[in-house]
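*Asks:* Have a look at this one.
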Amino acid sequence: MPESLQNSPLLIGIDGRELLPDTFTGFGRYIENFLNAKITRGSHHRFTIYGNQHTRFPNANANYTFKRLEEQNTLWWDQVTIVKAIRQDRIDLFFTPYDKMPVRSPCPVVMTVHDLLYQYVSDLSGLKKWTYNTLYRMQRGYMARHAARVLTVSEHSRDDISRYYNLPPNQIVITHNAVSDRFHAGLDKTTVEDVKKKYKIPAPYIFNLNNFKPHKNPGGLIEAYAQLPSDLQKQIHLVIGGKHNSFTQPLQQRVKALGLSDAVHFPGIIHDEDLPAIYAGADLFVITSFYEGFGIPPIEAMASGTPVVSSNATSLPEVIGDAGLLVSPDDVQSLTVAMKEILSDENLRTTLIQKGLQRIREFTQERVAGKILDALEETAHIALKNEPV
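Here is the structure:
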């Protein structure tokens, strides 16, 4: 690649609609971590971050421009509003954290496909499920094949994208997800205690972060906790954080039926700024999902100095490595045994904490942002190099 192209500053547009107040989605965390990284903030490239009326933009930076574009209809914003803005602002490359893109974009688009959850999990069944999955796969696959480049966050997701969207694996770049610098061991104890009081969380406790959907398997966690020895169960609570929805009430009813209402707690939404303290205050973090495209919570827990018990499903083994205890999400007894081992064995607990702190070096903001930035630069420069003179 000519050095003149390689060193040229780019104007990169970013879809930042998932940067929401109080609580970020996984998409929002992905973009937030990229924008907060020093390598991005110090880049010679310029970034225009597009949001809507709900967006909470990150801190100002010399090479960042923030623009709000009213969104009344998502499809219209995706395919018309943003295209006009890209053209008007003369964007060189557009970067989206979604598995969708403006198909008539006047510039190359890099899109991120985090996972193919819909292929594995659905509220539908039979012909309706097959029809939805087929149409969705055709639409998203078309976009992926017309993107200048596709990013993803794990080998498992890359293999799924290649299989279902008919993309060669070498056209898919794995960047992983990052753990924010806000999550770290040794957090001030007073801060931790204040946040625990805010959410009425008793100590000590096992922590889980959940959206309560069936593929997250919160029921399996509750059943595993219920099988802990009674003396250990009396010593430690279970805290399942996350916004309550239609899936929450049946779980609360099951907790009541098990006689665990005083031991299992559902504090609801935990605001983003409070999450580091909740992780740091926990004796153990447990994730029991049947499916994850990556799994950000366990690396946030490891960064906070909290040991992890994790499901061994889909992408989680490649993310956790040997820094946590991996068990089948279908095996309630094994989940119970793993939790008991960490809670009862101080040497094992210490070992896993140390391994976790080493493991998260693979997922720092700077490391992941660097991979994303490299992919954006390479994609833009290839496109510019191939433009007709």
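Residue numbers (this note's numbering): 1 to 389. Backbone N, C-alpha and C define an ideal beta-carbon position, used for all residues, glycine too.
Could you tell me if S230 is buried or exposed, where buried requires 16 or more neighbouring beta carbons within 10 angstroms of its beta carbon?
*Replies:* The residue you call residue 230 lines up with position 230 of the sequence shown. With fewer than 16 other Cβ atoms within 10 Å, it is exposed.
*Asks:* Can the beta-carbon of G26 be found closer than 8 Å to that of T55?
*Replies:* Here residue 26 refers to the residue found at position 26 of the sequence shown. Here residue 55 refers to the residue found at position 55 of the sequence shown. Result no, Cβ atoms of G26 and T55 do not sit closer than 8 Å.
*Asks:* Could you tell me which residues DSSP pairs with T206 in its beta bridges?
*Replies:* For this step, residue 206 is matched to residue 206 along the sequence shown. According to the sequence displayed, residue 206 carries Ile and not Thr. Answer is L238, L284, bridged to I206.
*Asks:* Taking the alpha-carbon of R163 as reference, which of K256, Q119, A147, K129 has the nearest alpha-carbon?
*Replies:* Against the sequence shown, residue 163 aligns to sequence position 163. Checked all of K256, Q119, A147, K129; the closest Cα to R163 is Q119.
*Asks:* W77: buried (16+ other C-beta within 10 angstroms of its C-beta) or exposed?
*Replies:* On the sequence shown, residue 77 is found 77 positions in, with the first residue counted as 1. Burial call: buried.
*Asks:* With C-beta atoms as the reference, is P329 less than 8 Å away from T288?
*Replies:* On the sequence shown, position 329 is the one that residue 329 refers to. On the sequence shown, position 288 is the one that residue 288 refers to. Closer than 8 Å, so yes.
*Asks:* Using the three-state DSSP reduction, which class does S310 fall into: helix, strand or coil?
*Replies:* The residue given as residue 310 occupies position 310 in the sequence shown. Strand.
*Asks:* Could you check where the alpha helix (DSSP H) with G356 kicks off and where it finishes?
*Replies:* Residue numbering aside, residue 356 sits at position 356 when the sequence shown is read from its first letter. 346-359 is the span of the alpha helix (DSSP H), which, as asked, contains G356.
*Asks:* Here's the rule: buried if 16 or more other CB atoms are within 10 angstroms of the residue's CB, otherwise exposed. What is A375?
*Replies:* Numbered from 1 along the sequence shown, position 375 holds the residue referred to as residue 375. Burial call: buried.
*Asks:* Where does D274 land, buried or exposed, given buried means 16+ other C-beta within 10 angstroms?
*Replies:* Residue numbering aside, residue 274 sits at position 274 when the sequence shown is read from its first letter. Buried.
*Asks:* Can you find a C-beta in chain D that's less than 8 Å from the C-beta of D181?
*Replies:* Protein chains in the displayed structure number just one, and chain D is not present.
*Asks:* Among the residues of its own chain, which have a CB less than 8 Å from the CB of T190, if the five just before and after it don't count?
*Replies:* Indexing the sequence shown from 1 puts residue 190 at position 190. No residues qualify anywhere along the chain.
*Asks:* Considering only the alpha carbon of each residue, which of H45, I299, P58 lies closest to P276?
*Replies:* As a first step, residue 276 is located in the sequence shown; it is residue number 276 there, counting from the start. When only C-alpha atoms are compared, the closest one is I299.
*Asks:* Rounded to whole angstroms, how far is the Cβ of N177 from the Cβ of V368, which I believe are closer than 8 Å?
*Replies:* Here residue 177 corresponds to residue number 177 of the sequence shown, with the count starting at 1. Here residue 368 corresponds to residue number 368 of the sequence shown, with the count starting at 1. The pair is a contact, with the Cβ atoms about 7 Å apart (cut-off 8 Å).
*Asks:* Is it buried or exposed for H44, if we count other Cβ within 10 angstroms and need 16 for buried?
*Replies:* Taking the sequence shown and counting its residues from 1, the one referred to as residue 44 is at position 44. So H44 ends up on the exposed side.
*Asks:* Hey, would you say L69 sits closer than 8 Å to T81, going by beta carbons?
*Replies:* Indexing the sequence shown from 1 puts residue 69 at position 69. Indexing the sequence shown from 1 puts residue 81 at position 81. In this structure, T81 lies closer than 8 Å to L69 by Cβ.
*Asks:* Measure the Cβ-Cβ separation of T379 and A203 and say whether it is below 8 Å.
*Replies:* Translated into the one-based positions of the sequence shown, residue 379 becomes position 379. Translated into the one-based positions of the sequence shown, residue 203 becomes position 203. Not closer than 8 Å, so no.
*Asks:* What is the rounded straight-line gap between the Cα of R359 and the Cα of Q88?
*Replies:* Position 359 of the sequence shown, counted from the start, is the residue given in the question as residue 359. Position 88 of the sequence shown, counted from the start, is the residue given in the question as residue 88. Each residue's Cα considered, the two are about 43 Å apart.
*Asks:* Using only alpha-carbon positions, find the residue among I342, D99, V103, R104 that is nearest to M111.
*Replies:* Within the sequence shown, numbered from 1, the residue matching residue 111 stands at position 111. Among I342, D99, V103, R104, the Cα nearest to that of M111 belongs to D99.
*Asks:* For H244 and S105, I'd like the C-alpha separation in whole angstroms.
*Replies:* Against the sequence shown, residue 244 aligns to sequence position 244. Against the sequence shown, residue 105 aligns to sequence position 105. Distance between the alpha carbons of H244 and S105: 38 Å.
*Asks:* For the pair the stretch 310-323 and the stretch 230-242, tell me if three or more CB-CB distances fall below 8 Å.
*Replies:* They do not touch, by the three-pair rule.
*Asks:* Quick check on G394: buried or exposed, where buried means 16 or more other Cβ atoms within 10 Å of its Cβ?
*Replies:* The structure shown does not extend to residue 394, since the chain is modelled only from 1 to 389, so the question has no answer here.
*Asks:* Below 8 Å between beta carbons: does that hold for Y225 and V264?
*Replies:* The residue you call residue 225 lines up with position 225 of the sequence shown. The residue you call residue 264 lines up with position 264 of the sequence shown. Yes, the Cβ-Cβ distance between Y225 and V264 is below 8 Å.
*Asks:* If you drop the 5 nearest sequence neighbours on each side, which residues of the same chain put their C-beta closer than 6 Å to that of G305?
*Replies:* Looking up residue 305 in the sequence shown gives position 305. Same-chain partners within the cutoff: A185, I353.
*Asks:* Label Y205 either buried or exposed according to how many other C-beta atoms from any shown protein chain fall within 10 Å of its C-beta, with 16 as the threshold for buried.
*Replies:* Indexing the sequence shown from 1 puts residue 205 at position 205. Buried: at least 16 other Cβ atoms inside 10 Å.
*Asks:* Which partner residues of F27 appear in the DSSP bridge assignment?
*Replies:* Here residue 27 corresponds to residue number 27 of the sequence shown, with the count starting at 1. Looking at the DSSP assignment, F27 forms no beta bridge with any residue, so it has no partner.
*Asks:* Can you give me the Cβ contacts of E223 inside the same chain, cut-off strictly under 7 Å, excluding the 5 residues immediately before and after it?
*Replies:* Position 223 of the sequence shown holds residue 223. So the qualifying residues of the chain are V332.
*Asks:* Here's a check: name, in chain order, each residue in its chain whose Cβ is nearer than 8 Å to the Cβ of L117, leaving out the five neighbours to either side.
*Replies:* Indexing the sequence shown from 1 puts residue 117 at position 117. Excluding sequence neighbours, L117 sits near H215, Y291, G293.
*Asks:* Write down the C-beta distance between V153 and I172 rounded to the nearest angstrom, noting that I regard them as a contact closer than 8 Å.
*Replies:* As a first step, residue 153 is located in the sequence shown; it is residue number 153 there, counting from the start. As a first step, residue 172 is located in the sequence shown; it is residue number 172 there, counting from the start. 11 Å between Cβ atoms; not a contact.
*Asks:* Where do the N-terminal and C-terminal ends of the alpha helix (DSSP H) with R41 fall, by residue?
*Replies:* For this step, residue 41 is matched to residue 41 along the sequence shown. Counting along the chain, the alpha helix (DSSP H) containing R41 begins and ends at 38-41.
*Asks:* Please report the Cβ distance between V109 and M101, rounded to the nearest whole angstrom; I am assuming they are in contact, meaning their Cβ atoms lie under 8 Å.
*Replies:* One-based indexing of the sequence shown puts residue 109 at position 109. One-based indexing of the sequence shown puts residue 101 at position 101. Between M101 and V109 the Cβ distance is about 5 Å, and since that is below 8 Å, they are a contact.
*Asks:* Helix, strand or coil for L325 per DSSP?
*Replies:* Within the sequence shown, residue 325 is the residue found at index 325, counting from 1. Strand.
*Asks:* So L209 packs on P297, CB below 8 Å; how close in whole Å?
*Replies:* Translated into positions along the sequence shown, residue 209 becomes position 209. Translated into positions along the sequence shown, residue 297 becomes position 297. Correct: roughly 5 Å between the Cβ atoms.
*Asks:* Taking all protein chains shown into account, decide if T40 is buried (16 or more other Cβ within 10 angstroms of its Cβ) or exposed.
*Replies:* The residue labelled residue 40 in the question sits at position 40 within the sequence shown. Buried, because 16 or more other Cβ atoms sit within 10 Å of the Cβ of T40.
*Asks:* Determine whether the beta carbon atoms of L326 and S344 lie at a separation below 8 Å.
*Replies:* Taking the sequence shown and counting its residues from 1, the one referred to as residue 326 is at position 326. Taking the sequence shown and counting its residues from 1, the one referred to as residue 344 is at position 344. Not in contact: L326 and S344 (Cβ atoms no closer than 8 Å).
*Asks:* Nearest by alpha-carbon distance to V192: which of T175, D160, R29, Y279 is it?
*Replies:* For the purposes of this step, residue 192 is taken as residue 192 along the sequence shown, with counting starting at 1. Checking every option, the nearest Cα to that of V192 belongs to Y279.
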